[in-house]
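Reviewing the structure listed below.
Protein chains in written order, with my numbering: chain F, 266 to 1021; chain S, 4 to 189.
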């Protein structure tokens, strides 16, 4: 070399332990080698992150199908209940509306004034009207895991209800005064995310307006606290805080997804009252927000028929739940009660022509009047031509299977028809569809607009519908939420639709980031992403990927296990010679045929199979390795277990409805009836013996009542591989402890890592 | 005046023979690659390909930029140079824009799979041993970071951080055998 050696090479000259210079070439080669390996490692990590994400999304899809099962089951119940007294009692449990109806009675029902707050209560004591200091204290209290006393909860909720009733369906916001508006998506009870948003962005104030785009509750464990915070800010800054209703602001959805359970367990004495008040509040939440008449913010989305002018006019509070279309306003009753906003409930209660809890008995012509045309169940055989016509017109408004079961419910619940009231029904249905579309729809990449069969409500809308909608209403952007996005936000439809999702780690710790967006007068979105890290604190990125992956696969293995019977038949169909072996490709395609999850099974197989013999899998052995039944459920027959497991959320929801005193226990009789109804619905035999067997295993107090949680617990499967690892670790520990001399266990850090 | 020494004619530097051109690397021709994967392997690759497909309508296409990642995710560890070679040495601005479908991807992958000098565990350890000044099985974390970020196919700071996270002990040293095991176990 000459003296032309560059500074770099001199700088990078390395020396080995004897002080000899290492030729640069070797250093570089070493560096490149490490870099190659690193890049491979990073790519593998990325792939794992991706398929883990896919698994979670598929599981959510499967879970939504579950939801539809619940609705269908409820619809079935309405269709087919008979007059037998035992079943009637159960069903009346399920559909009982609150008896209290009149004005004065509501006031008394929600009254908080006779609720005493004990001296030892250390939480915030609110005085109304609220001010900013109190709200800041409230946030601080929740940060410190305190709970607001039910007296103040009711008081705050009452104030909120009063305010919401004077708000319009469409919030109109302006960015004048150079104010930047912050928009947040789904929070789903994850308080840490809300606190993180406030930390990064500041709390709502006159200078800092916020829009919260629905889905504040369910799934997470602090839904109540989030609501209280949002409502408190709303009360203090009514001109700067805007709330949109989401599809989870719905008391029936809450039964299934955890909010009801949360409230009842946090507020044992007054929980039901709080829930009832929340039911009203949810129905009074505004539907959409419009910024500068240019940007629409709505929870779900739009459809090809969405019409904001119509939305502005509806009586939004009549749409209490997506599962219950509004009761008809019958003309003859309109003048009876002075307070018109209470009308629907009062009509409900005073209806003497057909009790709401008991649909009219079959055989009466009228009760068939408003059933969906699509329902060809055998019990509905007797339809006349005229009725056919009426129903066909109505059927045009109910597109999806979701609305099918809903119209079934609504007909069961609504009062008898009057000749000229079919007009009102049409309007109601139309408005109802408009609202469903706003709260439930998802964008798709193809043009067009089709019913959203996955969610059972709303539609899938395409870029052409966006274009058309924006033009018609002179808007430039739709901001919506409703779908979890890995990076917290995502554009689609040529950047005309923005999805914003604010619940980080939604599926599992490390699964996704949350985000919020700021819009200034230029209406250019500015994003901030974040991720709550305490769950993954101390874990490096690869460790958190591993952990998320672990959860995903555990859920997947459970799913496979509970479809064992179907999978087994699929495998046996392929394995005609009964060798007990099946090749990988066939395994993958059989699974896809049974589960319909559209997952990359080939890529996933190393995590799901322990070994193959010459490329073939012993499938019986594989099932044995997948999971173990809990000892308590050992005696339950496999297909029965699978069925119950698959419908467990439906079962649990029904149980909670039936458990009217919120004791966590239901009677043996109710339990038995629920199972019998489910079995009839599924057209499968569940004999009394089997039911008795189920009960005996769970009725540990032998007093004729079943503990719901205990029963559901029996259906959780044990993760066999984890069990084995745990057992071997325990044994290792025991062996180590036995030795009197201290031994260093090889790499304890990596062992504990495995258990994460 | 001293007679001018007759200067020896300076040997005129013979016209330097043109530097032996580095053997011109033939351009990569995907058509010439014989696919030797089994049907099962191809199914496997297809699944993975789909995972990397980010087109809104699931067209089964990936960008040039993703190609290297996919090949690596499938278990190979080419250098960036090798990846660029099989892609036909595209320009930087083409990487995010040009796409390839599965059929176009297969020969590229096959070529990389056939390449020798994959680098074994031992090679990797040897590579790291170069930086082991004291010959005691450890390297200085700081030094390694510096090397990875400045030499060879440089890594970005956050990539280095991700690689090294949690590997250094209290003295900032890394036991490289454990380090290699960690990387290879992924």
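We put the CB at the ideal spot given by N, CA and C, even for glycine.
CB contact below 9 Å: residue 312(F) versus chain S: As a working mapping, residue 312(F) is identified with position 47 in the first chain. It does: the Cβ of residue 312(F) has a partner Cβ on chain S nearer than 9 Å.
Opening and closing residue of the beta strand (DSSP E) in which residue 477(F) lies: Working through the first chain from its first residue, we reach residue 477(F) at position 212. Note, residue 477(F): beta strand (DSSP E), 475-477.
Nearest residue (CA-CA) to residue 924(F), options 537(F), 865(F), 757(F), 430(F): As a position in the first chain, residue 924(F) is number 659, starting the count at 1. Nearest C-alpha to residue 924(F): 537(F).
Residues of the region 834-852 of chain F with Cβ closer than 9 Å to any Cβ of chain S, in chain order: For the region 834-852 of chain F, which is checked against every Cβ of chain S, the residues closer than 9 Å are 848, 849, 850.
Under 8 Å by beta carbon: chain F residues contacting residue 162(S): Counting from 1 along the second chain, the entry for residue 162(S) is found at position 159. What residue 162(S) touches in chain F: 303, 307.
Delimiting residues of the alpha helix (DSSP H) encompassing residue 104(S): Translated into the one-based positions of the second chain, residue 104(S) becomes position 101. Careful: residue 104(S) lies outside any alpha helix (DSSP H), inside the beta strand (DSSP E) at 102-104.
Integer Cβ distance of residue 576(F) from residue 436(F), believed to fall under 8 Å: Here residue 576(F) refers to the residue found at position 311 when the first chain is read from its first residue. Here residue 436(F) refers to the residue found at position 171 when the first chain is read from its first residue. Actually they do not touch by this definition, with Cβ atoms about 12 Å apart.
Closer than 8 Å at the beta carbon, the chain F residues around residue 80(S): Looking up residue 80(S) in the second chain gives position 77. The contact set of residue 80(S) on chain F, defined by CB atoms closer than 8 Å, consists of 301, 302, 304, 305 in chain order.
9 Å Cβ cutoff, residue 133(S) in contact with chain F: Counted from its first residue, the second chain places residue 133(S) at position 130. By this cut-off, residue 133(S) is an interface position.
Cross-strand partners of residue 141(S) (DSSP beta bridge): For the purposes of this step, residue 141(S) is taken as residue 138 along the second chain, with counting starting at 1. For residue 141(S), DSSP records a beta bridge to 178(S).
Beta-carbon proximity list for residue 68(S), same chain, < 7 Å, skipping 5 on both sides: As a first step, residue 68(S) is located in the second chain; it is residue number 65 there, counting from the start. Result list for residue 68(S): 98, 99, in chain order.
Whole-angstrom C-beta distance between residue 456(F) and residue 407(F), which should lie under 8 Å: Taking the first residue of the first chain as 1, we reach residue 407(F) at position 142. Taking the first residue of the first chain as 1, we reach residue 456(F) at position 191. Right, their Cβ atoms sit about 6 Å apart.
Delimiting residues of the beta strand (DSSP E) encompassing residue 938(F): Counting from 1 along the first chain, the entry for residue 938(F) is found at position 673. Run containing residue 938(F): none in the beta strand (DSSP E); it sits in the alpha helix (DSSP H), 933-946.
Min CB distance residue 93(S) to chain F below 9 Å: As a first step, residue 93(S) must be located in the second chain, where it is residue number 90. Residue 93(S) does not count as touching chain F.
Straight-line Cα distance separating residue 914(F) from residue 305(F): As a first step, residue 305(F) is located in the first chain; it is residue number 40 there, counting from the start. As a first step, residue 914(F) is located in the first chain; it is residue number 649 there, counting from the start. When rounded, the distance between both Cα atoms is 42 Å.
Helix, strand or coil at residue 436(F) [DSSP, three-state]: Within the first chain, numbered from 1, the residue matching residue 436(F) stands at position 171. Judged by DSSP in its simplified three-state form, residue 436(F) adopts strand.
Residue burial classification, residue 155(S) (beta-carbon count within 10 angstroms, cutoff 16): By one-based count along the second chain, residue 155(S) stands at place 152. Result: buried.
Per-residue burial, residue 141(S) [other beta carbons within 10 Å of its own, 16 or more giving buried]: Residue mapping note: residue 141(S) aligns to position 138 of the second chain, counting from 1. Residue 141(S) should be labelled buried.
Buried/exposed call for residue 1001(F), threshold 16 Cβ in 10 Å: Residue mapping note: residue 1001(F) aligns to position 736 of the first chain, counting from 1. The residue is exposed, with fewer than 16 neighbouring Cβ atoms inside 10 Å.
Beta strand (DSSP E) runs wholly inside the region 295-340 of chain F, at least 3 long, in chain order: none
Which of helix, strand or coil DSSP assigns to residue 445(F): As a working mapping, residue 445(F) is identified with position 180 in the first chain. Here residue 445(F) sits in coil by DSSP.
Delimiting residues of the alpha helix (DSSP H) encompassing residue 728(F): As a working mapping, residue 728(F) is identified with position 463 in the first chain. That run of the alpha helix (DSSP H) goes 728-738.
Segments of 4+ residues assigned as alpha helix (DSSP H) that fall wholly inside the region 802-876 of chain F: 806-827, 829-839, 849-860, 866-873
Sequence ranges, alpha helix (DSSP H) only - wholly within the region 533-573 of chain F, length at least 4: 536-549
Limits of the beta strand (DSSP E) - the one that residue 781(F) falls within: Here residue 781(F) refers to the residue found at position 516 of the first chain. Where residue 781(F) is concerned, the enclosing beta strand (DSSP E) stretches over 779-784.
Proximity below 9 Å, CB of residue 523(F) to CB of residue 488(F): Counting from 1 along the first chain, the entry for residue 523(F) is found at position 258. Counting from 1 along the first chain, the entry for residue 488(F) is found at position 223. Cβ atoms of residue 523(F) and residue 488(F): closer than 9 Å.
9 Å Cβ cutoff met for residue 767(F) and residue 459(F): The sequence position of residue 767(F) within the first chain is 502, counting from 1. The sequence position of residue 459(F) within the first chain is 194, counting from 1. Taking 9 Å as the Cβ cut-off, residue 767(F) and residue 459(F) qualify as a contacting pair.
Residue environment, residue 885(F), which counts as buried when at least 16 other CB atoms sit within 10 Å: Sequence index remark: in the first chain, residue 885(F) carries index 620 (1-based). Under this definition residue 885(F) is an exposed residue.
CB contact check: residue 298(F) to chain S, cutoff 9 Å: Here residue 298(F) refers to the residue found at position 33 of the first chain. Against chain S, the CB of residue 298(F) has a partner CB under 9 Å away; the residue lies at that interface.
Amino acids of chain F, ordered along the chain, whose beta-carbon sits closer than 9 Å to that of residue 186(S): Residue numbering aside, residue 186(S) sits at position 183 when the second chain is read from its first letter. Result: 299, 302, 303, 305, 306.
Coil, strand or helix - residue 380(F) by DSSP: Here the question's residue 380(F) lines up with position 115 in the first chain. Three-state DSSP puts residue 380(F) in coil, outside helix and strand.
CB contact below 9 Å: residue 177(S) versus chain F: Against the second chain, residue 177(S) aligns to sequence position 174. False, the Cβ-Cβ gap to chain F never drops below 9 Å.
Entirely enclosed beta strand (DSSP E) segments - the region 69-124 of chain S, minimum 3 residues: Along the region 69-124 of chain S, the beta strand (DSSP E) occurs as fully enclosed runs of 3 or more residues at 102-104, listed in sequence order.
Residue-level contact to chain F via CB, residue 75(S), 9 Å cutoff: What you label residue 75(S) is simply residue 72 of the second chain in a count that begins at 1. Contact with chain F is found for residue 75(S), since one of that chain's Cβ atoms lies less than 9 Å from the residue's Cβ.
Residue 677(F) to residue 847(F) span [Cα, whole Å]: What you label residue 677(F) is simply residue 412 of the first chain in a count that begins at 1. What you label residue 847(F) is simply residue 582 of the first chain in a count that begins at 1. Because the pLDDT at residue 677(F) is just 36, under 50, the model does not fix this residue reliably, and the value given afterwards should be weighed accordingly. Cα to Cα, residue 677(F) sits roughly 51 Å from residue 847(F).
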